[in-house]
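Asker:
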Amino acid sequence: MKTTFIHSFIRPTISTLMLAAILGSSGCAYNSIFINYPAQIAPVKQELNTAKPMAELDKLASNIQGNDGLLYAQEAGRVAQVAGDFASSKKYYQQAVAAYTAFDDKAKISASDIGATATSLVLNDNAIPYRGPGYERIMLHQYQALNYLFSGDYQGALVEVRRSNELQSSEQERYQKSQKSVQAMANGTIDAEVNRLGQAAGTVTSSFLNAYSYYTTGVLHEVLGEPNDAFIDYRKAAQITPDNTYLQQDLVRLAKQLGMPQYDEFKKRWGDAKLPKAGEGQVILMVEKGFVPEKQALTVPFTIHGNWQTVSLATYGPNNSYVPETQVQGLGTVLKTEPIANIDALAITALKEDLPGTLVRQVARVYAKSEMAYQVEKSGKPGNNAADIGSIAMQIFNVVTEQADRRSWLTLPKQAQIGRRYLNPGEYTLQLDKAPPAKIDVAAGKTTLVWAIDTGNYTRIYSIII
Amino acid sequence: MKQFKLIFVLAAVMGLAACQSKVEYGDATEVETVNENFGSTDLQAIAAKMVDSMMTFPPIVAITANDRPILFVDSIKNKTSEHIDTESVTDSISNKLLRSGKFRFIDMTKVDSVRKQLDYQNNTGMVDPSTAIKFGRQIGAQYMLYGNLSSIVKQDGSTKDVYYKMTMRLMDLETGLIEWSDEKEIRKTKSKSFLGM
Numbered sequence: 001m002k003t004t005f006i007h008s009f010i011r012p013t014i015s016t017l018m019l020a021a022i023l024g025s026s027g028c029a030y031n032s033i034f035i036n037y038p039a040q041i042a043p044v045k046q047e048l049n050t051a052k053p054m055a056e057l058d059k060l061a062s063n064i065q066g067n068d069g070l071l072y073a074q075e076a077g078r079v080a081q082v083a084g085d086f087a088s089s090k091k092y093y094q095q096a097v098a099a100y101t102a103f104d105d106k107a108k109i110s111a112s113d114i115g116a117t118a119t120s121l122v123l124n125d126n127a128i129p130y131r132g133p134g135y136e137r138i139m140l141h142q143y144q145a146l147n148y149l150f151s152g153d154y155q156g157a158l159v160e161v162r163r164s165n166e167l168q169s170s171e172q173e174r175y176q177k178s179q180k181s182v183q184a185m186a187n188g189t190i191d192a193e194v195n196r197l198g199q200a201a202g203t204v205t206s207s208f209l210n211a212y213s214y215y216t217t218g219v220l221h222e223v224l225g226e227p228n229d230a231f232i233d234y235r236k237a238a239q240i241t242p243d244n245t246y247l248q249q250d251l252v253r254l255a256k257q258l259g260m261p262q263y264d265e266f267k268k269r270w271g272d273a274k275l276p277k278a279g280e281g282q283v284i285l286m287v288e289k290g291f292v293p294e295k296q297a298l299t300v301p302f303t304i305h306g307n308w309q310t311v312s313l314a315t316y317g318p319n320n321s322y323v324p325e326t327q328v329q330g331l332g333t334v335l336k337t338e339p340i341a342n343i344d345a346l347a348i349t350a351l352k353e354d355l356p357g358t359l360v361r362q363v364a365r366v367y368a369k370s371e372m373a374y375q376v377e378k379s380g381k382p383g384n385n386a387a388d389i390g391s392i393a394m395q396i397f398n399v400v401t402e403q404a405d406r407r408s409w410l411t412l413p414k415q416a417q418i419g420r421r422y423l424n425p426g427e428y429t430l431q432l433d434k435a436p437p438a439k440i441d442v443a444a445g446k447t448t449l450v451w452a453i454d455t456g457n458y459t460r461i462y463s464i465i466i
Numbered sequence: 001m002k003q004f005k006l007i008f009v010l011a012a013v014m015g016l017a018a019c020q021s022k023v024e025y026g027d028a029t030e031v032e033t034v035n036e037n038f039g040s041t042d043l044q045a046i047a048a049k050m051v052d053s054m055m056t057f058p059p060i061v062a063i064t065a066n067d068r069p070i071l072f073v074d075s076i077k078n079k080t081s082e083h084i085d086t087e088s089v090t091d092s093i094s095n096k097l098l099r100s101g102k103f104r105f106i107d108m109t110k111v112d113s114v115r116k117q118l119d120y121q122n123n124t125g126m127v128d129p130s131t132a133i134k135f136g137r138q139i140g141a142q143y144m145l146y147g148n149l150s151s152i153v154k155q156d157g158s159t160k161d162v163y164y165k166m167t168m169r170l171m172d173l174e175t176g177l178i179e180w181s182d183e184k185e186i187r188k189t190k191s192k193s194f195l196g197m
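In structure tokens form, the structure reads like this:
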């Protein structure tokens, strides 16, 4: 009698101890297993909306060594970049790039991947090291290119642009498998049929491919003296976002300047190219608004063998908030920017694509957890206190550890907008909506690139003459 | 029992030693294949090929037969998708050319420092005017050496193929004619391992 008591007491205790050991060993490495990721990043986003955007940066950066280092490096890089510290941002982004490369170089069957998946079966998907979706990786290189540009290293900026182009083409390839309309994009034929498709499935294409990345790489190609490459990128951006009049004008202008065969067709559709008058300079505006939405958790409780279980899936809430265009004052008549890409749409598509894999792991996890609970319960006789405690502990453990994977790059903007105008050389005081004005210079025959990041209450404006 | 202890201690020591990181000297010209990125072997292959090609090209042999032409190296444009120190490539090439004794070089990267020094010698009143080096006495370059480094990267599942092409040209500054041109191609293919960490 005594031995059975000890036996039934020890069995659940051992499994609880083992679980504690798993948790203990992983507790230091996994940041998002118990505290959901959006809650961790919320203070960072709040700081970005104040005059001290870098306050949380050290805390963020200390996580780069951890399991989700890639994600924290992306966030830290973005925070430093929004704050205007392009040198630090470059360093953090480099760490993120290195993490992506390490993922690329991993063996097909990797012991560490298997280990992470196994841990995820006992805990939750947050135990699997974060690996961003395609659009995040492209945006990383796009932003790194801007870091190089604003630090004055043009050749470095072009290297990042090319990296971004390489990734864009592999994303395009991936998308081609699901959508035929992209094939037309690869050929660059903006014909009426594709236009029609673009309008019908416009939101679909733009939720797979990021026109903002294409536009940024296009702008960098153009201002750094590679107009031919710029034309290719603009054309792809126009395929994704066909209604943007600035983009249409860019295409007509470059087609004219480069003597492209598409010039007549573009002219017919969008009107003739407006070229700068002698002595005029050019201002290109890139405006980023808001923050990309956070993933929400959808939790469903149910019972198996009379034990409580939950499943928790990541999802996005209804997305109705409309981002208004930006009114830019101080450049002659009021300039209205136009949206080029909705980053939130890209995020939603990326999640959709992840769902099948998540569900498979979810089913396996429910099974593993219910078996654990069942074993603990079975090992004790009914009415035995210790076994009951073990069983209850197991159920609590199962419910507590069942957390949706809500990780994603959260300091990205919600929407990107663009604008462009020719101006006489001189100093201009620029005002975006109701934000405090900022001074920019325009030089004859040169381009002033203005990059504005509006995080809600705070708008930061960076400009460079190239 | 004593032997067991000894074996145990030895095993423990060996186990610990295996975990220690170590530093070793290697041969600088050894083939390096740590990853598929632009590396020392590529740099050395490019420099060797370019210098060989230039020195054996008959018109260049004729130019250098009785004279040591003066060259300057324009930077090599990096058109790849990697951050590569192209100055290091040009340094290697100009080093080899200079060491051949057939060419002389003007270093355009040091013009600012030279100007500052001459300014100091001539305009500050600190240097004896009779020993100060005068402005406008340097010799102009006759030829310009320049180039492009481009790459094509393709990736499909577990295979990554990187192709580099380095093109170099020598231009006669007086006539604008290209006196010599050559290219070096490098192809590297990387396939992922099946099992690993």
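Listed in order, the protein sequences are those of chains A and B. Heads up: the first sequence runs through residues 1 to 466, numbered per UniProt numbering. Heads up: the second sequence runs through residues 1 to 197, numbered per UniProt numbering. Quick reminder that beta carbons are idealized off the backbone N, C-alpha and C, glycines included. Here the structure is a predicted model, which means the values were calculated and not measured.
Say whether the stretch 392-407 of chain A touches the stretch 440-449 of chain A, bearing in mind that this needs 3 or more beta-carbon pairs closer than 8 Å, one atom from each stretch.
Answerer: No: fewer than three Cβ pairs fall under 8 Å.
Asker: Tell whether a beta-carbon distance below 8 Å holds between Arg-407 of chain A and Ser-32 of chain A.
Answerer: Their beta carbons are under 8 Å apart, which means Arg-407 of chain A touches Ser-32 of chain A by this criterion.
Asker: Note down the Cα distance separating Phe-194 of chain B from Phe-103 of chain A, rounded to an integer number of angstroms.
Answerer: Those two C-alpha atoms are separated by around 14 Å.
Asker: Quick test of your reading: Leu-331 of chain A and Val-287 of chain A, contact by CB under 8 Å. State the CB separation rounded to the nearest angstrom.
Answerer: Rounded, the Cβ-Cβ distance is 13 Å, inconsistent with contact.
Asker: Would you kindly work out how many angstroms separate the C-alpha atoms of Ala-273 of chain A and Asp-250 of chain A, rounded to a whole number?
Answerer: Going by the C-alpha atoms only, they are around 8 Å apart.
Asker: What is the C-beta distance between Gln-362 of chain A and Leu-285 of chain A, in whole angstroms, given that I count them as a contact (C-beta under 8 Å)?
Answerer: That pair is no contact at about 44 Å.
Asker: Find the nearest neighbour of Val-122 of chain A within the set A:Lys-256, A:Gln-403, A:Ile-109, judged by alpha-carbon distance.
Answerer: Nearest C-alpha to Val-122 of chain A: A:Gln-403.
Asker: Consider the Cβ of Leu-195 of chain B: report whether some Cβ of chain A lies at a distance smaller than 8 Å.
Answerer: Cβ-Cβ to chain A under 8 Å: yes for Leu-195 of chain B.
Asker: Which value, in whole angstroms, describes the spacing of the CA atoms of Ala-201 of chain A and Ala-107 of chain A?
Answerer: Residue placement at Ala-201 of chain A is flagged as unreliable, the pLDDT there being 37, under the threshold of 50; the coordinate-derived value follows with that caveat. Computed Cα separation, rounded: 37 Å.
Asker: So who's on the other strand from Thr-189 of chain B, going by DSSP bridges?
Answerer: Paired residues: B:Asp-161.
Asker: Are any of the Cβ atoms in chain A nearer than 8 Å to that of residue 228 of chain B?
Answerer: Limits of chain B in this structure are 1 at one end and 197 at the other, which puts residue 228 of chain B out of reach.
Asker: Going by Cα to Cα distance, which pick from B:Met-50, B:Glu-36, B:Glu-24 is closest to Asn-148 of chain B?
Answerer: Checking every option, the nearest Cα to that of Asn-148 of chain B belongs to B:Met-50.
Asker: So with CB distances below 8 Å, who are the chain A contacts of Val-153 of chain B?
Answerer: Glu-166, listed in chain order.
Asker: Taking a cut of 7 Å between CB atoms, which residues from the stretch 156-178 of chain B lie near chain A?
Answerer: Within the stretch 156-178 of chain B, the residues whose Cβ lies closer than 7 Å to some Cβ of chain A are Ser-158, listed in chain order.
Asker: Taking Lys-192 of chain B as the query, report the chain A residues whose CB atoms sit under 9 Å from its CB, ordered along the chain.
Answerer: Chain A residues near Lys-192 of chain B: Asp-104, Asp-105, Lys-106, Ala-107, Lys-108.
Asker: To which residues does DSSP link Tyr-462 of chain A through a beta bridge?
Answerer: A:Trp-451.
Asker: Taking buried to mean at least 16 other C-beta atoms within 10 Å of its own C-beta, is Pro-318 of chain A buried or exposed?
Answerer: Counting Cβ neighbours within 10 Å, Pro-318 of chain A comes out exposed, since fewer than 16 surround it.
Asker: If we cut at 8 Å on Cβ distances, does Asn-78 of chain B have a partner in chain A?
Answerer: So yes, Asn-78 of chain B belongs to the interface.
Asker: Counting along the chain, where does the alpha helix (DSSP H) carrying Asp-156 of chain B start and finish?
Answerer: Run containing Asp-156 of chain B: none in the alpha helix (DSSP H); it sits in the beta strand (DSSP E), 143-156.
Asker: Distance cutoff 8 Å, beta carbons only. Does Ser-463 of chain A sit that close to anything in chain B?
Answerer: False, the Cβ-Cβ gap to chain B never drops below 8 Å.
Asker: Going along the chain, which residues of its own chain have a beta-carbon closer than 8 Å to the beta-carbon of His-305 of chain A, five neighbours each way excluded?
Answerer: Answer for His-305 of chain A: Ser-370, Ala-373, Tyr-374, Glu-377, listed in chain order.
Asker: Against chain B, with Cβ distances strictly below 8 Å, would Arg-137 of chain A count as a contact?
Answerer: No, Arg-137 of chain A lies away from the interface with chain B (no Cβ there is under 8 Å from its Cβ).
Asker: Using beta-carbon positions only, say whether Glu-222 of chain A and Ala-211 of chain A come within less than 8 Å of one another.
Answerer: Their beta carbons are not under 8 Å apart, which means Glu-222 of chain A does not touch Ala-211 of chain A by this criterion.
Asker: Which same chain residues, not among the five before or five after Gly-456 of chain A, have their C-beta less than 7 Å away from its C-beta?
Answerer: These residues qualify, in order along the chain: Asn-49, Gly-290.
Asker: Can you check whether the CB of Val-44 of chain A is closer than 8 Å to the CB of Val-79 of chain A?
Answerer: Yes, Cβ-Cβ distance for Val-79 of chain A and Val-44 of chain A is below 8 Å.
Asker: With H, G and I counted as helix, E and B as strand and the rest as coil, what does DSSP make of Phe-208 of chain A?
Answerer: Correct three-state label for Phe-208 of chain A: helix.
Asker: In three-state terms, what does DSSP make of Ile-76 of chain B?
Answerer: In this structure, Ile-76 of chain B counts as strand in the three-state DSSP scheme.
Asker: Excluding the five sequence neighbours on either side, which residues of its own chain have a C-beta within less than 6 Å of the C-beta of Gly-218 of chain A, listed in chain order?
Answerer: Closer than 6 Å at the Cβ level, and outside the excluded window around Gly-218 of chain A, lie Ala-230, Asp-233, Tyr-234.
Asker: Which residues in chain B sit within 9 Å of Ala-111 of chain A, going by Cβ to Cβ distance?
Answerer: Neighbours of Ala-111 of chain A on chain B, chain order: Leu-195, Gly-196, Met-197.
Asker: With the cut-off set at 8 Å, would you say Leu-432 of chain A and Thr-459 of chain A are in Cβ contact?
Answerer: For Leu-432 of chain A and Thr-459 of chain A, yes; Cβs fall inside 8 Å.
Asker: So what's Arg-104 of chain B in DSSP terms, helix, strand or just coil?
Answerer: Looking at Arg-104 of chain B - three-state DSSP - the assignment turns out to be strand.
Asker: Answer yes or no: does any C-beta atom of chain B fall closer than 8 Å to that of residue 519 of chain A?
Answerer: This structure does not reach residue 519 of chain A, given that chain A is present from 1 up to 466, and the question cannot be answered.
Asker: For Arg-406 of chain A, return the contacting residues in chain B, with the cut-off set at a CB-CB distance below 7 Å.
Answerer: Going along chain B, no residue has its Cβ under 7 Å from Arg-406 of chain A, so there is no contact; the nearest lies around 28 Å.
Asker: Along the chain, where does the alpha helix (DSSP H) that runs through Val-363 of chain A open and close?
Answerer: 343-379 is the extent of the alpha helix (DSSP H) around Val-363 of chain A.
Asker: Which residues bound the beta strand (DSSP E) around Val-300 of chain A?
Answerer: Segment 296-304, the beta strand (DSSP E) holding Val-300 of chain A.
Asker: Could you tell me if Ser-164 of chain A is buried or exposed, where buried requires 16 or more neighbouring beta carbons within 10 angstroms of its beta carbon?
Answerer: Burial call: buried.
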